[in-house]
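K.L.:
First to last, the protein sequences are chains A and B.
Residue numbering for the first sequence follows our numbering, beginning at 11 and increasing consecutively.
Residue numbering for the second sequence follows our numbering, beginning at 454 and increasing consecutively.
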Amino acid sequence: DVKVTQSSRYLVKRTGEKVFLECVQDMDHENMFWYRQDPGLGLRLIYFSYDVKMKEKGDIPEGYSVSREKKERFSLILESASTNQTSMYLCASSLTTRFYEQFFGPGTRLTVL
Amino acid sequence: QQQVKQSPQSLIVQKGGIPIINCAYENTAFDYFPWYQQFPGKGPALLIAIRPDVSEKKEGRFTISFNKSAKQFSLHIMDSQPGDSATYFCAASDFAGSNYKLTFGKGTLLTVNP
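In structure tokens:
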């Protein structure tokens, strides 16, 4: 059974803290993605990666960075968390040959106080 | 900038009804159009996808209709069931930078009443 796991389901942080969200996939997928999901705004792409150590900006990269040191792991970093980064964060992965099929993790609900 | 416009935002139907969700796009570089289904507390999952050279695709009770000239596509759910209650997202893919990415619509919350 294919699986994308995220390190935490719920996370509460303070403004200004550095936050790490971890994502691991066990499907040997080349591509990995980070989205945030907000009510009424749908899924918005933050960053994606098509190979180890490679990254591409998505539609809303400001305030975020990513790291992909191993194929199966993709980390999202909030250098200095702000209240407007309170959101649901979803990680996904896909094969390049089936690029339209992304497998999503269950999400991390991040609250920044 | 919203590149995929989805409507309606929410939809309520009775069991057995045929909910229809519509999406429109402007970017002619989009080359694949998947639909995702998301249940509460879960991540979205691929439901069905269509290429722009196909006008219709059916998988079970789910049908995508695609109108390339109008740049519109829609999802129909035949004989809808309460278990179909979920949020549905349309999406479109294009090649960005060095690989494909998806642009999602804002989602439609579907409620199927028993």
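Beta carbons: idealized from backbone N, C-alpha and C, even for Gly.
Do you know how far the Cα of Pro-505 (chain B) is from the Cα of Lys-521 (chain B)?
P.N.:
6 Å
K.L.:
Check the C-beta distance from Val-466 (chain B) over to Cys-543 (chain B) and give it rounded, since I have them as a contact under 8 Å.
P.N.:
Contact doesn't hold; Cβ gap of about 18 Å is too wide.
K.L.:
By how many angstroms is the C-alpha of Thr-96 (chain A) removed from the C-alpha of Gly-26 (chain A)?
P.N.:
13 Å
K.L.:
Can you pull the chain A neighbours of Asn-480 (chain B), defined as C-beta to C-beta under 7 Å?
P.N.:
The contacting residues do not exist; Asn-480 (chain B) stays about 13 Å from chain A at best.
K.L.:
Taking Cβ to Cβ, would you say Ser-103 (chain A) is nearer than 8 Å to Ile-87 (chain A)?
P.N.:
no
K.L.:
Can you confirm whether Phe-542 (chain B), when its beta carbon is compared against all beta carbons of chain A, has any partner nearer than 8 Å?
P.N.:
For Phe-542 (chain B), the answer is yes, since a Cβ of chain A falls inside 8 Å of its Cβ.
K.L.:
If you draw a straight line from the alpha carbon of Ala-498 (chain B) to that of Lys-65 (chain A), how long is it in whole angstroms?
P.N.:
Between Ala-498 (chain B) and Lys-65 (chain A), the C-alpha separation is close to 23 Å.
K.L.:
Would the beta-carbon of Leu-51 (chain A) fall within 8 Å of that of Lys-559 (chain B)?
P.N.:
yes
K.L.:
From which residue to which residue does the beta strand (DSSP E) around Phe-519 (chain B) run?
P.N.:
Run containing Phe-519 (chain B): 515-520, per the beta strand (DSSP E) assignment.
K.L.:
Just the chain A side, please: which residues come within less than 8 Å of Gln-546 (chain B) by C-beta, in chain order?
P.N.:
The amino acid occupying residue 546 (chain B) in the given sequence is Ser; Gln does not appear at that position. Those within 8 Å of Ser-546 (chain B) in chain A are Phe-109 and Tyr-110.
K.L.:
Take the Cβ of Gln-112 (chain A) as the centre, count every other Cβ of all protein chains shown within 10 Å, and call the residue buried at 16 or more, exposed below.
P.N.:
buried
K.L.:
How would you call Asn-94 (chain A), buried or exposed, if buried means at least 16 neighbouring beta carbons within 10 angstroms?
P.N.:
exposed
K.L.:
Does Leu-528 (chain B) have its Cβ less than 8 Å from a Cβ in chain A?
P.N.:
no
K.L.:
Pop quiz: Glu-40 (chain A) and Tyr-60 (chain A) are said to be a contact at Cβ under 8 Å. What is the actual Cβ separation, rounded to whole angstroms?
P.N.:
6 Å
K.L.:
Run down chain B in chain order and give the residues with a C-beta less than 9 Å from the C-beta of Glu-66 (chain A).
P.N.:
Those within 9 Å of Glu-66 (chain A) in chain B are Ala-549, Gly-550, Ser-551, Asn-552 and Lys-554.
K.L.:
Apart from the five residues just before and just after Lys-568 (chain B), which ones in its own chain have a Cβ nearer than 6 Å to its Cβ?
P.N.:
Absent from the structure is residue 568 (chain B), since the part of chain B shown begins at 454 and ends at 567.
K.L.:
Between Asn-41 (chain A) and chain B, is any beta-carbon pair separated by less than 8 Å?
P.N.:
yes
K.L.:
Let me see if you follow: with CB-CB separation under 8 Å, is Ala-502 (chain B) close to chain A or not?
P.N.:
Interface residue, yes.
K.L.:
Using a Cβ cut-off of 8 Å (strictly closer), state whether Phe-510 (chain B) contacts chain A.
P.N.:
It should be noted that the sequence gives Lys, not Phe, for residue 510 (chain B). Not one chain A Cβ lies under 8 Å of Lys-510 (chain B).
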